[in-house]
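J.:
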Amino acid sequence: LTDIAVLKIDDTKGIKSIKFANSSKVQTGDSVFAMGNPLGLEFANSVTSGIISASERTIDANTTAGNTKVNVLQTDAAIN
Numbered sequence: 009l010t011d012i013a014v015l016k017i018d019d020t021k022g023i024k025s026i027k028f029a030n031s032s033k034v035q036t037g038d039s040v041f042a043m044g045n046p047l048g049l050e051f052a053n054s055v056t057s058g059i060i061s062a063s064e065r066t067i068d069a070n071t072t073a074g075n076t077k078v079n080v081l082q083t084d085a086a087i088n
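Just so we're aligned, residue 9 is where the sequence shown starts under this note's numbering, counting upward by one.
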């Protein structure tokens, strides 16, 4: 399982946003940052960094529709 959040910010006055990168342009050796909340509140506001170890990996994933191949980025950033 994975933790994911969708945020809606109503008042964006004074808030600058960043653009998400195009994942098809990611290259091995690029810097990455991961931010999250692994294991709930016990490890709140965690940040880690690393590099892209490989940009063209494919893994088998089990879904409710059956097995499927998923393209993923491999990183050495510590992601719990």
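For glycine and all other residues, C-beta sits at the position ideal for the given N, C-alpha and C.
Since the model is a prediction, treat every value here as computed from it, not as a measurement.
Hey, quick one: how far does the beta strand (DSSP E) through F51 stretch, first residue to last?
T.: Numbered from its first residue, the sequence shown carries residue 51 at position 43. Here F51 belongs to no beta strand (DSSP E), and DSSP marks it neither H nor E.
J.: Nearest by alpha-carbon distance to G58: which of S25, I17, G48, T83 is it?
T.: Looking up residue 58 in the sequence shown gives position 50. Nearest option by C-alpha distance: T83.
J.: Quickly, what does DSSP pair D38 with across the bridge? List them, please.
T.: If you number the sequence shown from 1, residue 38 lands on position 30. In DSSP, D38 forms no bridge with anything.
J.: Taking the C-alpha atoms as reference points, what is the distance between F28 and V34?
T.: Taking the sequence shown and counting its residues from 1, the one referred to as residue 28 is at position 20. Taking the sequence shown and counting its residues from 1, the one referred to as residue 34 is at position 26. Approximately 12 Å, taken between the alpha carbons.
J.: Is K24 helix, strand or coil when you go by DSSP?
T.: The sequence position of residue 24 within the sequence shown is 16, counting from 1. K24 falls in the coil class under three-state DSSP.
J.: Starting from V78, trace the beta strand (DSSP E) both ways and give me its first and last residue.
T.: Here residue 78 refers to the residue found at position 70 when the sequence shown is read from its first residue. Start and end: 74-83.
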